[in-house]
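In what follows, a single structure is set out as structure tokens and then discussed.
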Amino acid sequence: MSGSVSGPSGGKSRGGIASKSGVGNSGGAPIDLDMTPMMNMLIILISFLVTMVVFTQIAVIKFNLPPAQGGAGQAAPADSGKEKVPDADITVVLSENGFQVIGEGKKLDPIPKGAKGYDYAGLGQSMKRLKEEYPTSENVVLLIDSNIVYQDIITSMDVMRESKFPNILLSGGVYQ
Amino acid sequence: MKLGRTRRKSGEEFAKPQMTSLVDVLTVLVFFLLKNFSTEGDIVTQTKNLELPESSAKTRPEQMLNISISAKHILADGNPVALVSEEQERGENNIPGLATFLEDKRKQTEAIAEYDKNVSFSGKLTIQGDRLIPYWILQKVLATCGDNGYSSFSLAVSKKDVD
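First to last, the sequence lines map onto chains A and E.
Okay, so the first sequence: first residue is 36 according to the numbering used here, each after it adds one.
Okay, so the second sequence: first residue is -11 according to the numbering used here, each after it adds one.
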């Protein structure tokens, strides 16, 4: 075993080429490659990789709280952000009934929750339309109801990021 | 060449296993494992009893203070600081156990920073939350961290396979 492992590359070229004529393979005789060293190598490689494998890869989503403010819970409602931020004021309300996108104070059509959960595709379309309308703005305020599950928040943030709104601000309490 | 011929000369039939399919399988397995292979190792240790939400985010995690929120407990760097059920009963936005821990940590870092210029208090945190926790507990944790000077968050998520 150890002998064949030491020279996997040499083993292949030298390997047991058994031709029927014994002179060469010019006569169209079948070539038999000796696979043993390659198999040895593959098996060792696999056992090495299996010990190293990481099945769940972790990534992070970064965001900042506004430094002056106390915390996420006291984040400003959508209206007061208008003067400070030159960006378009876009708010997405995430409640138990679905999404409600509010762009510059006017409510767009609500995106109700379907039978299979939230309609992320609908939210994505809505956000892309807003992006066309305000191409320079990158901020979205996310207003989340207190019982919304974390996975839904993360998926909504994904949708925002894919619609080219990378700056997501979290806020507490539902905005009516 | 020699080997084959000598075997043949002995006149015995020898069984030759069909290697091709086996090599196929092994090669596919090797490619699969190589794709998953990461040389970095784990920077963030995932807390037990906690399933991270899936996301398409690609940003790499960094080493920093780690807060975990599971269905029952809140851990700060592995130390239990609060119970979720107790926090639900209390209406306030502040979590006292977590606040004490964060304040100690910050004072510690600032004390080190006085002697070592390479160390500074950055206010960075990684938050690992179970995928099923409700928003109010996350909000409480964020509010507590914000009150104690930690304002730069990284939400840990598990990477989706979509490329």
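Ideal Cβ positions, reconstructed from N, Cα and C, are used throughout, including at glycine.
Can you tell me whether residue i is buried or exposed, with buried defined as 16 or more other CB within 10 angstroms of its CB?
i                 : result
Gly46 of chain A  : Low per-residue confidence applies at Gly46 of chain A: pLDDT is 40, beneath 50, and the placement is therefore not dependable enough to give any value.
Phe134 of chain A : buried
Asn54 of chain E  : buried
Glu80 of chain E  : exposed
Thr171 of chain A : exposed
Gln127 of chain E : buried
Thr15 of chain E  : exposed
Arg196 of chain A : buried
Phe200 of chain A : buried
Val88 of chain A  : exposed
Ala3 of chain E   : exposed
Ser139 of chain E : buried
Asp104 of chain E : exposed
Val136 of chain A : buried
Ala70 of chain E  : buried
Thr35 of chain E  : buried
Phe19 of chain E  : exposed
Thr86 of chain A  : exposed
Pro41 of chain E  : buried
Ser110 of chain E : exposed
Phe98 of chain A  : buried
Ile66 of chain A  : exposed
Gly149 of chain A : exposed
Gly138 of chain A : buried
Quick one: Cα of residue i to Cα of residue j, how far?
i                  : j                 : result
Met70 of chain A   : Met7 of chain E   : 7 Å
Gln160 of chain A  : Ala64 of chain E  : 39 Å
Glu75 of chain E   : Ile125 of chain E : 8 Å
Glu131 of chain A  : Val95 of chain A  : 25 Å
Ile146 of chain A  : Val194 of chain A : 14 Å
Ser181 of chain A  : Leu205 of chain A : 12 Å
Val13 of chain E   : Leu77 of chain A  : 10 Å
Ser108 of chain E  : Arg164 of chain A : 43 Å
Ile57 of chain E   : Asn75 of chain A  : 46 Å
Met162 of chain A  : Val127 of chain A : 9 Å
Ile125 of chain A  : Asp92 of chain E  : 38 Å
Val72 of chain E   : Ile183 of chain A : 16 Å
Asn136 of chain E  : Lys142 of chain A : 36 Å
Ser9 of chain E    : Leu21 of chain E  : 18 Å
Arg(-7) of chain E : Ile79 of chain A  : Bear in mind that a pLDDT of 49 at Arg(-7) of chain E, under 50, signals an unreliable position, so the model cannot answer this.
Arg48 of chain E   : Ile93 of chain A  : 8 Å
Gly66 of chain E   : Lys112 of chain E : 17 Å
Gly152 of chain A  : Phe83 of chain A  : 42 Å
Phe89 of chain E   : Glu168 of chain A : 45 Å
Ile121 of chain E  : Leu178 of chain A : 17 Å
Ala131 of chain E  : Ile203 of chain A : 16 Å
Ser43 of chain E   : Pro72 of chain A  : 42 Å
Asn174 of chain A  : Lys46 of chain E  : 20 Å
Asn106 of chain E  : Lys95 of chain E  : 16 Å
Val32 of chain E   : Tyr123 of chain E : 23 Å
Cys133 of chain E  : Pro68 of chain E  : 16 Å
Ile62 of chain E   : Tyr185 of chain A : 15 Å
Ser48 of chain A   : Asn24 of chain E  : At Ser48 of chain A, the pLDDT of 42 sits below 50, so the modelled position is not reliable and the matter cannot be decided from this model.
Glu50 of chain E   : Lys148 of chain E : 19 Å
Gly63 of chain A   : Ile81 of chain A  : 35 Å
Lys119 of chain A  : Met52 of chain E  : With a pLDDT of 47 at Lys119 of chain A, under the threshold of 50, the predicted position of this residue should be treated as unreliable, though the coordinate-derived value follows. Approximately 31 Å, taken between the alpha carbons.
Asn37 of chain E   : Val11 of chain E  : 39 Å
Glu1 of chain E    : Leu68 of chain A  : 18 Å
Can you tell me where the alpha helix (DSSP H) holding residue i begins and where it ends?
i                 : result
Lys128 of chain E : Tyr123 to Asp135
Phe83 of chain A  : Thr71 to Met87
Got a sec, what are the start and stop residues for the beta strand (DSSP E) residue i sits in?
i                 : result
Val127 of chain A : Ile125 to Ser130
Ala3 of chain E   : Where Ala3 of chain E is concerned, there is no enclosing beta strand (DSSP E), given that its DSSP letter is neither H nor E.
Ile66 of chain A  : No beta strand (DSSP E) contains Ile66 of chain A, which DSSP labels as neither H nor E.
Ser142 of chain E : Ser140 to Lys147
Phe99 of chain A  : Before going further, note that residue 99 of chain A is Asn rather than Phe in the sequence given. First-last of the beta strand (DSSP E) with Asn99 of chain A: Ile93 to Asn99.
Lys105 of chain E : Counting along the chain, Lys105 of chain E falls outside any beta strand (DSSP E), and DSSP gives it neither H nor E.
Gly117 of chain E : Lys112 to Gly117
Within the stretch 16 to 96 of chain E, note down every full alpha helix (DSSP H) run reaching 4 residues or more, in order along the chain.
-> Correct list: 72 to 77.
Inter-stretch contact (C-beta, 8 Å, three-pair minimum) for the stretch 139 to 149 of chain E and the stretch 82 to 101 of chain E | no
At what residue ranges does the stretch 137 to 203 of chain A contain a whole run of the beta strand (DSSP E), taking only runs of 3 or more?
-> If you keep only unbroken beta strand (DSSP E) runs of at least 3 residues inside the stretch 137 to 203 of chain A, you get 174 to 179.
Pairing CB atoms from the stretch 117 to 126 of chain E with CB atoms from the stretch 175 to 190 of chain A, are three or more of them under 8 Å?
-> yes
Quick check: the stretch 150 to 160 of chain A against the stretch 93 to 101 of chain E, are there 3 or more CB pairs under 8 Å?
-> no
When you check each C-beta in the stretch 167 to 199 of chain A against every C-beta of chain B, which residues fall closer than 9 Å?
-> Although the question refers to chain B, the structure presented lacks it and instead comprises the protein chains A and E.
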